[in-house]
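Visitor:
2 protein chains.
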Amino acid sequence: MPEVTDEHVARATWSRLAEPGDVMTQVVLRTVGTVESLEWLRTASDVPPALIERVERWRQRLELVDISRELKVARHVGAHIVIPGDPEWPTALDDLGDEAPVALWVRGEIPPLDRAVALVGARAATRYGERVAADFAVGSIDRGIAVVSGGAYGIDAAAHRGALSGECADGATVAVLAGGVDRLYPAGNETLLHRIIQTGAVISELPPAAAPTRHRFLARNRLIAAMANATVVVEASFRSGARSTANHASRLLRPVGAVPGPVTSAQSAGCHAMMREGQATPVTTPDELAELIDSAGATPIAEPLVASGPLDDLPEDQARVFDALPARAAATIPSIASAAGLTESEVRGALGLLELAGKVRRSEHRWGRVRP
Amino acid sequence: MPEVTDEHVARATWSRLAEPGDVMTQVVLRTVGTVESLEWLRTASDVPPALIERVERWRQRLELVDISRELKVARHVGAHIVIPGDPEWPTALDDLGDEAPVALWVRGEIPPLDRAVALVGARAATRYGERVAADFAVGSIDRGIAVVSGGAYGIDAAAHRGALSGECADGATVAVLAGGVDRLYPAGNETLLHRIIQTGAVISELPPAAAPTRHRFLARNRLIAAMANATVVVEASFRSGARSTANHASRLLRPVGAVPGPVTSAQSAGCHAMMREGQATPVTTPDELAELIDSAGATPIAEPLVASGPLDDLPEDQARVFDALPARAAATIPSIASAAGLTESEVRGALGLLELAGKVRRSEHRWGRVRP
Numbered sequence: 001m002p003e004v005t006d007e008h009v010a011r012a013t014w015s016r017l018a019e020p021g022d023v024m025t026q027v028v029l030r031t032v033g034t035v036e037s038l039e040w041l042r043t044a045s046d047v048p049p050a051l052i053e054r055v056e057r058w059r060q061r062l063e064l065v066d067i068s069r070e071l072k073v074a075r076h077v078g079a080h081i082v083i084p085g086d087p088e089w090p091t092a093l094d095d096l097g098d099e100a101p102v103a104l105w106v107r108g109e110i111p112p113l114d115r116a117v118a119l120v121g122a123r124a125a126t127r128y129g130e131r132v133a134a135d136f137a138v139g140s141i142d143r144g145i146a147v148v149s150g151g152a153y154g155i156d157a158a159a160h161r162g163a164l165s166g167e168c169a170d171g172a173t174v175a176v177l178a179g180g181v182d183r184l185y186p187a188g189n190e191t192l193l194h195r196i197i198q199t200g201a202v203i204s205e206l207p208p209a210a211a212p213t214r215h216r217f218l219a220r221n222r223l224i225a226a227m228a229n230a231t232v233v234v235e236a237s238f239r240s241g242a243r244s245t246a247n248h249a250s251r252l253l254r255p256v257g258a259v260p261g262p263v264t265s266a267q268s269a270g271c272h273a274m275m276r277e278g279q280a281t282p283v284t285t286p287d288e289l290a291e292l293i294d295s296a297g298a299t300p301i302a303e304p305l306v307a308s309g310p311l312d313d314l315p316e317d318q319a320r321v322f323d324a325l326p327a328r329a330a331a332t333i334p335s336i337a338s339a340a341g342l343t344e345s346e347v348r349g350a351l352g353l354l355e356l357a358g359k360v361r362r363s364e365h366r367w368g369r370v371r372p
Numbered sequence: 373m374p375e376v377t378d379e380h381v382a383r384a385t386w387s388r389l390a391e392p393g394d395v396m397t398q399v400v401l402r403t404v405g406t407v408e409s410l411e412w413l414r415t416a417s418d419v420p421p422a423l424i425e426r427v428e429r430w431r432q433r434l435e436l437v438d439i440s441r442e443l444k445v446a447r448h449v450g451a452h453i454v455i456p457g458d459p460e461w462p463t464a465l466d467d468l469g470d471e472a473p474v475a476l477w478v479r480g481e482i483p484p485l486d487r488a489v490a491l492v493g494a495r496a497a498t499r500y501g502e503r504v505a506a507d508f509a510v511g512s513i514d515r516g517i518a519v520v521s522g523g524a525y526g527i528d529a530a531a532h533r534g535a536l537s538g539e540c541a542d543g544a545t546v547a548v549l550a551g552g553v554d555r556l557y558p559a560g561n562e563t564l565l566h567r568i569i570q571t572g573a574v575i576s577e578l579p580p581a582a583a584p585t586r587h588r589f590l591a592r593n594r595l596i597a598a599m600a601n602a603t604v605v606v607e608a609s610f611r612s613g614a615r616s617t618a619n620h621a622s623r624l625l626r627p628v629g630a631v632p633g634p635v636t637s638a639q640s641a642g643c644h645a646m647m648r649e650g651q652a653t654p655v656t657t658p659d660e661l662a663e664l665i666d667s668a669g670a671t672p673i674a675e676p677l678v679a680s681g682p683l684d685d686l687p688e689d690q691a692r693v694f695d696a697l698p699a700r701a702a703a704t705i706p707s708i709a710s711a712a713g714l715t716e717s718e719v720r721g722a723l724g725l726l727e728l729a730g731k732v733r734r735s736e737h738r739w740g741r742v743r744p
């Protein structure tokens, strides 16, 4: 079990306070300092307007947290916490920038992920899809490629199972859960998840006892995409959640593959749509999967989102507000609202966040861009 | 039955003399004149060296041809001849330039092909492939899109059958055969081909009694591709002949679609390969097929091959020789051979053909380009 430092404790605490993927958490950690941030949270009186609501919520939760007890509970289920800088930390997660998780709760041990594929797909998979998922997982392991997935029924389970049955390696596979790792969810996969813990890892950015909500499932997908060199969608209906994982991969400039299937199968319609839209390359064999993984290094590596252009990593509202600001002058909230097509209250909220991120500056009643 | 002019007779004769797709036939017709070309063939003594062998062969065949008897035989099986300029001539064939057929032998009547799809694929089709081919053909006919195919077993037959079962139109479908239209080949499709003749057409560029050879099957594919706005490959193994039709379509800058199928099916491997190579768009519904057809007009229309740049329509050897010629000066055969990486004899052959096509000129022992 690695040493637990103040930074581990602070990040463990934050994983209890913040919702997954909330960029403001990372902004605070970066701006105030990781260890200092909790003291700041308890005592700060000069909270920026855009943060007031969040700070309220964080403070309420903080009062309820007994972090040494939490860590004890975690140890009890065999979980440990992994943070940036730890040897076990998947550095690929850093490409998420301010959307990176503050910490990971881990059962088992995260295997090396320098060559990893995210094999994802529909819960309501067909036998064809499950067979292909398992075959591709076996083929990945045999080629030294780790298999990352979501531990769900259907394609995920078939991929994990295939990875565990691979012959050449220890079946390096990682299941990323949307809730705490103490609950091996879904219950029907409990045995499978226990087997994954033996040779790979079951991980979550949420602390033990956290419930998997819809928002957390969607946020979880970004970790699956970020931890792999490429994402391959084995089966997905038009509106499948697996496509959100593919979208995260695309946003990270990681290659996306999709497995063709019968055009008569609704479970392949999402895969075909991604191919038609040019988002996904057809992948039909483990060799083609390996090719996709190895092409990932050949394409321009995704810059950390925080370091990219002023608009690239902003949520929709903030991007529209920033875009509506004159390049060199300053504007009033009503005129920004009119240019951005948003209400004044939406503009006020977005400006607060942009100010906190150092992207805009207020002068009297006017707002302008901060020049890079 | 349309009027049979001297030009019809001349082209009918040439269809007996020349092998499909031999560009030199069109060069002769264009250079000497269609009607005059047969007299020239009988009497010419100044045949360019590059043509001597061909002219020999043509003359031998010409001696055996009794064209009025041929036309009578054709009429007997209900076939008539269609040539460029006839209302029934598919003008899309003109995009083939010097590779266009000299004439078409037709049973039935060629329907309007302003919106047409080439639905092609493996003879050894699966039930899945045949079902999709039939569904797509029905969907095409229902959307006013004619179906062109090769009359073969498997995908071709399923496509024709689907077209004939369409509800909204007369089932406008055209089968392009590799041999004479008097023999409805393959025999197992005779009933189907008879039905096609009732509402569409069975056609060939070869005259009655001509045997379908391997070369003729491959040459036939260019007609299928050229007569349709887009080619959709329903099933094809890696080495399927259907891919040659797709290649002809690509060469004509016509869109190519391919139907995804199970990655476990060898009969879909060619389709997936074309998608991976970026040659084909996945097509999963008749609506997507119609989209592909209508996108054909949106892309730059293929120029007739003969009118394009000096190199575009040349066979490999000639292109290399032309490329090796200095832009403004003239060169000797040894120096051209060295620049082109060909033997002197290969260069001599290619120069003869290029001279005939008016692309190069000789002056003493040196050869140079003819400026456009």
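Chains as they are written, first to last, in this note's numbering: chain A, 1 to 372; chain B, 373 to 744. Backbone N, C-alpha and C define an ideal beta-carbon position, used for all residues, glycine too.
1. Measuring only the C-alpha atoms, how far is B/Arg741 from B/Asp467?
2. So, at 7 Å on beta carbons, what are the nonlocal neighbours of B/Pro706 in its own chain, with the 5 sequence-adjacent residues on each side left out?
3. Would you mind listing the alpha helix (DSSP H) stretches within the region 134 to 183 of chain A that are 4+ residues and don't spill past its ends, in chain order?
4. Based on DSSP bridge pairs, tell me the residues matched to B/Gly633.
5. In this structure, how does DSSP classify B/Thr403 when only helix, strand and coil are distinguished?
6. Which bits of chain A does B/Thr653 rub up against, with CB to CB less than 8 Å?
7. Rounded to whole angstroms, what's the CA-CA distance from A/Glu130 to A/Ile155? Just pull it up for me.
8. DSSP three-state label for B/Ile665, please.
9. Under the rule that 16 or more other beta-carbon atoms within 10 Å means buried, what is A/Gln26, buried or exposed?
10. Buried or exposed for B/Gly424, going by 16 or more other Cβ atoms inside 10 Å?
11. Any beta-carbon of chain A closer than 7 Å to the one on B/Pro632?
12. Using a Cβ-Cβ cut-off of 7 Å (strictly less than) and excluding sequence neighbours within five positions of A/Pro282, which residues of its own chain qualify?
13. Note the first and the last residue of the continuous alpha helix (DSSP H) segment covering B/Arg623.
14. Is A/Gln374 buried or exposed, if buried means 16 or more other CB atoms sit within 10 Å of its CB?
15. Which residues bound the alpha helix (DSSP H) around A/Thr284?
16. Where does the unbroken beta strand (DSSP E) through A/Gly368 begin, and where does it stop?
17. Express the C-alpha separation of A/Ser250 and B/Val520 in angstroms, rounding to a whole number.
18. My output table needs one value for B/Ile568: the three-state DSSP class, helix, strand or coil.
19. I want to verify the contact list: residues of chain A whose CB lies under 7 Å from the CB of B/Val742, in sequence order.
20. Report buried or exposed for A/Arg362, applying the criterion of at least 16 other Cβ atoms within 10 angstroms of its Cβ.
21. Quick check on A/Leu17: buried or exposed, where buried means 16 or more other Cβ atoms within 10 Å of its Cβ?
22. Contact defined as beta carbons within less than 8 Å: I believe A/Pro90 pairs with A/Arg216. What is the distance between those atoms, to the nearest angstrom?
23. Does A/Leu206 come out as helix, strand or coil in the three-state DSSP assignment?
24. Any contact between the region 217 to 230 of chain A and the region 103 to 121 of chain A? By contact I mean 3 or more CB pairs, one from each, below 8 Å.
25. Identify the residues that DSSP records as bridge partners of B/Ile596: which are they?
26. Measuring straight from C-alpha to C-alpha, what distance separates B/Glu663 and B/Arg515?
27. What are the boundary residues of the alpha helix (DSSP H) that includes B/Arg487?
28. Spell out whether any CB of chain A is found under 7 Å from the CB atom of B/Thr498.
29. Kindly say whether B/Thr415, judged by its beta-carbon, lies nearer than 7 Å to any beta-carbon of chain A.
30. Which first and last residues belong to the beta strand (DSSP E) in which B/Ala451 is found?
31. Do the CB positions of B/Ile453 and B/Ala475 come within less than 7 Å of each other?
32. Does B/Arg383 come out as helix, strand or coil in the three-state DSSP assignment?
33. For A/Gly179 and A/Leu206, which I take to be in contact (beta-carbon distance under 8 Å), what is that distance rounded to the nearest angstrom?
34. Closer than 9 Å by beta-carbon distance: list the chain B residues that pair up with A/Val132, in chain order.
35. Would you kindly work out how many angstroms separate the C-alpha atoms of B/Asn619 and B/Leu625, rounded to a whole number?
36. With 7 Å as the threshold, decide whether the Cβ of B/Thr656 is near any Cβ in chain A.
Guide: Let's see:
1. C-alpha separation (whole angstroms): 25 Å.
2. Glu716
3. 155 to 165
4. Residue pairing by DSSP places B/Gly633 opposite no residue, since no beta bridge is assigned to it.
5. helix
6. Arg276
7. 5 Å
8. Residue state, collapsed to three classes: helix.
9. buried
10. The residue you asked about is not Gly; residue 424 of chain B is Ile in the sequence shown. B/Ile424 comes out exposed.
11. yes
12. Ala258, Pro260, Met275
13. 614 to 623
14. This structure gives no information on residue 374 of chain A, because the portion of chain A shown stretches from 1 to 372.
15. First-last for A/Thr284: undefined, no H or E at that position.
16. Run containing A/Gly368: 366 to 369, per the beta strand (DSSP E) assignment.
17. 39 Å
18. helix
19. The premise fails here: B/Val742 is roughly 43 Å from chain A at the closest Cβ pair, so nothing lies under 7 Å.
20. Exposed: under 16 other Cβ atoms inside 10 Å.
21. buried
22. The distance from the Cβ of A/Pro90 to that of A/Arg216 is about 19 Å, inconsistent with a contact at the 8 Å cut-off.
23. coil
24. yes
25. As computed with DSSP, B/Ile596 is found in no beta bridge at all.
26. Approximately 11 Å between the Cα atoms of the pair.
27. Looking at the DSSP string, B/Arg487 is not in any alpha helix (DSSP H), and its letter there is neither H nor E.
28. no
29. no
30. 451 to 454
31. yes
32. helix
33. 6 Å
34. Pro634, Val635, Thr636
35. 10 Å
36. yes
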